[in-house]
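*Asks:* Supplied in structure tokens, the structure appears directly below.
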Amino acid sequence: MTQTLEAGTTDRIKMFKAAPELYSAMMTLSEASIKDVDPVIGELIKIRASQINRCAFCLDMHTRDARKAGETEQRLALVAAWEEAGDLFTERERAALALAEAITEVAGRGAVGDEVYRRAAEVFTDRELAQVIAMTVTINAWNRINLAAPQPFPRR
Numbered sequence: 001m002t003q004t005l006e007a008g009t010t011d012r013i014k015m016f017k018a019a020p021e022l023y024s025a026m027m028t029l030s031e032a033s034i035k036d037v038d039p040v041i042g043e044l045i046k047i048r049a050s051q052i053n054r055c056a057f058c059l060d061m062h063t064r065d066a067r068k069a070g071e072t073e074q075r076l077a078l079v080a081a082w083e084e085a086g087d088l089f090t091e092r093e094r095a096a097l098a099l100a101e102a103i104t105e106v107a108g109r110g111a112v113g114d115e116v117y118r119r120a121a122e123v124f125t126d127r128e129l130a131q132v133i134a135m136t137v138t139i140n141a142w143n144r145i146n147l148a149a150p151q152p153f154p155r156r
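In structure tokens form, the structure reads like this:
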């Protein structure tokens, strides 16, 4: 069964108004995790995790950010099926997406598999890999915060 946020719902806590230090801590981690990773790869990670977690607010935000970073409509449409998209995604993007999926779905899959990790470690420096992992963990936290205490996404 799917649950949706009703328009105008106001009975959920405003997390970051109630505890602004939490927002500050989340932003610090978010900013640290993007320093050396290609911005397009970062947005692809955030989009894929947000698709899996079904976070409309984050999907809306990060698809807009990806477009601003130069991402194409075709690639945005195919992020959910990146494995079947052939060479539309680079080796680095595929490694990042596989790792992001494994981390995001850890409750169902168990630990990140050695092959997924090895692929990512082959194409990213240690620093980049640390940031890809942190970025994935951070977007998962943002998704879960928004699913627990939803913010309505802007209608355009």
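Under UniProt numbering, the residues of the sequence shown are numbered 1 to 156, in order.
Just so you know, even glycine gets a beta-carbon here, dropped at the ideal spot from N, CA and C.
Measuring alpha carbon to alpha carbon, tell me which of Phe57, Val37, Leu22, Ala25 ends up nearest residue 161.
*Replies:* Since the displayed the chain opens at 1 and closes at 156, residue 161 lies outside it and no answer follows.
*Asks:* With a threshold of 8 Å, are at least 3 pairs of Cβ atoms found where one atom belongs to the segment 43-51 and the other to the segment 17-30?
*Replies:* no
*Asks:* Between alanine 149 and the rest of its own chain, which residues show a CB-CB distance below 6 Å, the 5 nearest in sequence each way excluded?
*Replies:* The residue given as residue 149 occupies position 149 in the sequence shown. Taken in chain order, the residues that qualify are Arg12, Ile13, Met15.
*Asks:* Select from Ala96, Gly108, Arg127 the residue whose C-alpha is nearest the C-alpha of glutamate 115.
*Replies:* For the purposes of this step, residue 115 is taken as residue 115 along the sequence shown, with counting starting at 1. Checked all of Ala96, Gly108, Arg127; the closest Cα to glutamate 115 is Ala96.
*Asks:* Is the distance from the Cβ of methionine 135 to the Cβ of serine 24 below 7 Å?
*Replies:* For this step, residue 135 is matched to residue 135 along the sequence shown. For this step, residue 24 is matched to residue 24 along the sequence shown. Result no, Cβ atoms of methionine 135 and serine 24 do not sit closer than 7 Å.
*Asks:* Go through its chain and collect everything with a Cβ distance to aspartate 65's Cβ below 6 Å, but skip five positions before and after it.
*Replies:* One-based indexing of the sequence shown puts residue 65 at position 65. Once the five neighbours on either side are set aside, the close Cβ partners of aspartate 65 are Glu43.
*Asks:* Quick one: complete beta strand (DSSP E) runs, 3+ long, within the UniProt domain "Carboxymuconolactone decarboxylase-like" (20-102)?
*Replies:* none
*Asks:* Just to confirm my understanding: we take alanine 69, look at its own chain, exclude 5 residues before and 5 after, and list those with CB closer than 7 Å. What are they?
*Replies:* In the sequence shown, residue 69 corresponds to position 69, counting from 1. Here the set comprises Pro39, Val40, Glu43.
*Asks:* To the nearest angstrom, how far is it from the Cα of arginine 118 to the Cα of leucine 99?
*Replies:* Counting from one through the sequence shown, the residue named residue 118 turns up at place 118. Counting from one through the sequence shown, the residue named residue 99 turns up at place 99. C-alpha separation (whole angstroms): 10 Å.
*Asks:* Do you know how far the Cα of leucine 22 is from the Cα of glutamate 101?
*Replies:* Start at 1 with the first residue of the sequence shown, and residue 101 comes out as number 101. Start at 1 with the first residue of the sequence shown, and residue 22 comes out as number 22. Spanning the two alpha carbons is a distance of roughly 25 Å.
*Asks:* Could you check the C-alpha separation between phenylalanine 124 and lysine 35 for me, to the nearest Å?
*Replies:* Looking up residue 124 in the sequence shown gives position 124. Looking up residue 35 in the sequence shown gives position 35. C-alpha separation (whole angstroms): 14 Å.
*Asks:* Label glutamine 74 either buried or exposed according to how many other C-beta atoms from any shown protein chain fall within 10 Å of its C-beta, with 16 as the threshold for buried.
*Replies:* To locate residue 74, count along the sequence shown from 1; it is residue 74. Result: exposed.
*Asks:* Does the separation of the CB atoms of asparagine 146 and phenylalanine 89 fall below 7 Å?
*Replies:* Taking the sequence shown and counting its residues from 1, one reaches residue 146 at position 146. Taking the sequence shown and counting its residues from 1, one reaches residue 89 at position 89. The answer is no: Cβ separation not under 7 Å.
*Asks:* Name the two residues that bound the continuous alpha helix (DSSP H) containing isoleucine 139.
*Replies:* Stepping through the sequence shown from its first residue, residue 139 is reached at position 139. Counting along the chain, the alpha helix (DSSP H) containing isoleucine 139 begins and ends at 126-148.
*Asks:* Whole angstroms is fine: what's the gap from leucine 29's alpha carbon to valine 112's?
*Replies:* Residue mapping note: residue 29 aligns to position 29 of the sequence shown, counting from 1. Residue mapping note: residue 112 aligns to position 112 of the sequence shown, counting from 1. Distance between the alpha carbons of leucine 29 and valine 112 is about 21 Å.
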